[in-house]
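A short write-up of the structure that comes next.
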Amino acid sequence: MDSIPHGSELYKIPLLARRKRLPVLPGQPEGISYGMIWGACPLPANGSCYIVRFEGDTSARILAYVSEFGEVFAASGPITLEPTARPELALVPDERGFSGTIFVRNGSKALEPYSRYRGSFKGVMREVCDTETWNSSRTMGYRAFAASLYLRYCVIDASRLTPVCMPGDEASGPEGRRSAARGGHAPAISLAATPLSEPVQLFEGFNDLALPDAIEAALFRIDGAAKPSGLERFARRLLSAIDLERLRKLTEAAWVSLAYIRGTDSFYLNFSRESITVDDTLFLFGVEAVLNRLCAVEHRFGSVPEGVEASPSEEACSLIDQHMMRGMTSWVGTSIDRTVTRNGWADFAEVSCRPGGEWDTRTRFATLVEELVTIVRLEYEFVCDASNGVLNVRFTAPDGRAMPHELYQLDEGRWVDVDAPQCAAMAAEYAARMVLALAAAAFASKITMRRCTVAVRDLVSGEEERYLFERAGFLASLVPFAKQVDGASLEQQPALKRIGGLKTEAPFEIPDDSMRYTAVAEDDRELPEELRELLMADRIGELEVMETGPDARSERLAELKELVQSDPAQAEQGFIKLIEELEAGCAAEELLSDVPLISRFCQSRVGRVLLPLWEEDRVARIHRVPDALFFAHHELETMYFRAGAFDRALEEARCMLDMAGSSTLAHAAVVNVLARLERFDEVIEVAKHGLRVAVDRDSISYLLYRMAFAYWRIGQLDVAMACYRTVPRGETMSEMAQLELGQLLAEMGRTEKPSAEEARKIIEPAGIPVPPSHEAVEQLGSAAVLLTDNGFYALAYECVYVVWLLLGSDELGAVARSLKP
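Residue numbers (this note's numbering): -13 to 807.
Printed below as a string of structure tokens:
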């Protein structure tokens, strides 16, 4: 190894700088004192400390700089900018973040793995290797850990550096290497990444092409490469095993599309299951697993969007792949460590949840599960009774097709095929480790969670195995066991054997004698005060908007609608008379009520939750008007519009909007009439009003489209362009919006469509609510939390479901499923 600078300049330690001397390290020369300084010293923005050799109490020689990201760079003095050179030592976390690999530069070569560590940069750390070292026999914080490793391996005794093979395999570590040299095992495989002559984009075109074409194109590129990298050869080995003809047929039949999840650097296959078999579904899950195995390996050296600039050997890729498959149980300790940490969903919208209540417990559990990094598809559902400390979770068992069908066996030094029974056995073991991880998430979701059942459902047979865990037994025996099997091979099935005695025949559903899942219309429970003010109602049943049973008013409305074509004048008088009678009934209800009442209409329960946004007096209560009153106004508005009586149509449309402020139909009626009257300024104002409460893509699409055209007509072309660009794709008005956007761009002399960011910068100063509006999300979010905590699950489900669609948070999707009656 090249000599490491021992500090050419004597540096006077600032008075306020923090310092720490390290204990004497093995081989450290007598009279030399090493340590770290930080605090008042000049450091780059992401700097952690300097490693120094102390020269008395006030001076030191700087040996290296330590960044917050696990990298240690040789240095001879203080610096203010991040080094551009490669580090001499790097601590590279696994995807889970609580363990990783120690890489050290061997001479002028690239970084090579030397050993492993456990812990995290924010906690304590310890080296992990086959023979005891100074750093494996003690735990310490990040600064001291990084500094002592650098001093041991790069300063004091660099001669002991030797590349290692994958931890957890028999040939890893010094003993394994000596055995290999004697002929007991194959030579160790270095996991070091060799720099490539040019970057490799393994998944180039996967966002643009149909999946079968993208895979075929990737194989074509790899086969055409003069010298494919190890990662590319590994990708060819995995991708070439996919039945592309079957994938093509399923892509057509089930509309298969690929989504890249940037947060986890992984892929997700979207497809319709209605027209395909269960076997087809498992085949597609297997394809998804192949892609995510490649992602997991590539993630060690780059990412899907950026690709890689260095690659290990094909054999090393297989070893990394196996290591990732074996690491499922590391999530057990990770979850348990977070039992008492703060819940990021505790303060949501404008309210705080009840600590340890239903919202707190369910969102904690869902967050922990969504953070699990699984190679296979994780589809799960759960039921919860936080008050009694019970949570049950069910997930779909992985199939053998999601397991590796070919492995590099390190001890044999060759590639081996894995037959179907072996793949099935590996899948069963992987499922057992998922059971432990999910149980840990359940117990970590609430400190008083007493019991958890995890059900593993077989997608083919529909049968399931259920495992019952009690808190004390799980923490005492299975958490330590999970640490032991972390990294152990799947073939021996240690986890499956361990949990085999915990099977239960108890039902999955949690017995519940309360009314928590009662339909809104049948639920007469009183609302707590905080929900009364938020929803302007006293009982949950008042939030029902659907009329049930035969209704004379609706029958009369239907008769008048049939009369419109044959005798419009008589139909008009009938509608007017019906409206007068129904309005008189509403006025009587308001007059005789003991509390202030306001009569309103809405078309959905979510719309009813949003209605209070337009009301100033939250003390009042909302009285639901009959459906016939709203639709009688609508029929009159339609009659007048078709007859060209636009002023009278506008009057009726405004009546609709006054009584139904959250209704897209009411907004559309007003917009249509105003547009025919060419009152485009007012069209814009009404559309803005509607966007404040629009929470479904079709409504948002319609309002933005009408607003875009109105801005075009009044000459504000840039705002019109931004509105057209913001119309969601795949909705009723989307195609028309794109067509008109093209015409507008031609008029503006512009060829390129604006980016989403450019459109947003134009829309916001124009006072256009960017959907979903902050007000709508706050109202629905507050209702979701309070309804869940107070046991009104039927309506809570609808609120959480809509907020999930608006925010795209998978945790909320899981919580919504747990509330569904």
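The C-beta atom is built at its ideal place from N, Cα and C for all residues, glycine as well.
Note that the coordinates shown come from a computational prediction; the quantities given were computed from them, not determined experimentally.
Select from the options the residue whose C-alpha is nearest the C-alpha of residue i.
i: Ala50; options: Ala76, Ala752 and Lys432; result: Ala76
i: Pro751; options: His675, Val705 and Tyr453; result: Val705
i: Glu367; options: Phe494, Met389 and Leu195; result: Phe494
i: Ala245; options: Glu238, Thr237 and Leu255; result: Leu255
i: Ser759; options: Ser685, Leu677, Leu725 and Leu773; result: Leu677
i: Asp682; options: Arg665, Pro714 and Met310; result: Pro714
i: Leu568; options: Val369, Ser540, Glu784 and Ser552; result: Ser540
i: Ala745; options: Val756, Thr737 and Arg248; result: Val756
i: Ala282; options: Arg312, Phe269, Ile262 and Leu268; result: Arg312
i: Ala492; options: Ala441, Met501, Glu508 and Gly13; result: Ala441
i: Glu357; options: Val369, Ser297, Cys438 and Asp251; result: Asp251
Helix, strand or coil for residue i, going by three-state DSSP, please let me know.
i: Ile322; result: helix
i: Ile306; result: helix
i: Met311; result: helix
i: Arg586; result: strand
i: Arg72; result: coil
i: Thr439; result: strand
i: Arg701; result: The sequence shown places Gly at residue 701, rather than the Arg named in the question. In this structure, Gly701 counts as coil in the three-state DSSP scheme.
i: Gly593; result: helix
i: Pro91; result: The amino acid occupying residue 91 in the given sequence is Arg; Pro does not appear at that position. Note: Arg91 maps to strand in three-state DSSP.
i: Cys281; result: helix
i: Val38; result: strand
i: Cys339; result: coil
i: Phe329; result: According to the sequence provided, residue 329 is Asn. The question's Phe does not apply to it. Correct three-state label for Asn329: coil.
i: His609; result: strand
i: Asp603; result: coil
i: Asn378; result: strand
i: Ser475; result: coil
i: Arg102; result: strand
i: Ile565; result: helix
i: Val713; result: coil
i: Pro807; result: coil
i: Asn32; result: coil
i: Arg678; result: coil
i: Pro514; result: coil
i: Trp401; result: strand
i: Asn256; result: strand
i: Glu357; result: coil
Classify residue i as buried or exposed, calling it buried when 16 or more other Cβ atoms lie within 10 Å of its own Cβ.
i: Ile562; result: exposed
i: Ile48; result: buried
i: Arg163; result: Confidence is the limiting factor: at Arg163 the pLDDT is only 31, short of 50, which leaves the residue's position unreliable and the question unanswerable from this model.
i: Ser258; result: exposed
i: Phe206; result: exposed
i: Lys108; result: exposed
i: Lys432; result: buried
i: Leu792; result: buried
i: Trp401; result: exposed
i: Val446; result: exposed
i: Pro807; result: exposed
How many Å lie between residue i and residue j at the Cα?
i: Ala227; j: Asp403; result: 12 Å
i: Ile361; j: Met314; result: 9 Å
i: Phe84; j: Ile306; result: 17 Å
i: Gly753; j: Thr650; result: 20 Å
i: Arg350; j: Val786; result: 15 Å
i: Ala414; j: Tyr503; result: 35 Å
i: Leu364; j: Ala654; result: 41 Å
i: Trp331; j: Leu488; result: 33 Å
i: Ile485; j: Ser463; result: 11 Å
i: Tyr691; j: Met719; result: 7 Å
i: Val318; j: Ala410; result: 23 Å
i: Glu336; j: Ala800; result: 22 Å
i: Ser373; j: Leu772; result: 15 Å
i: Leu224; j: His391; result: 8 Å
i: Leu422; j: Asn278; result: 22 Å
i: Ala614; j: Val581; result: 25 Å
Have a look at the DSSP bridge pairing and note the partners of residue i.
i: Lys489; result: Tyr453
i: Lys826; result: Residue 826 is absent from the structure shown; the chain starts at -13 and stops at 807.
i: Ile48; result: Val38
i: Ala296; result: Pro181
i: Cys370; result: Leu377
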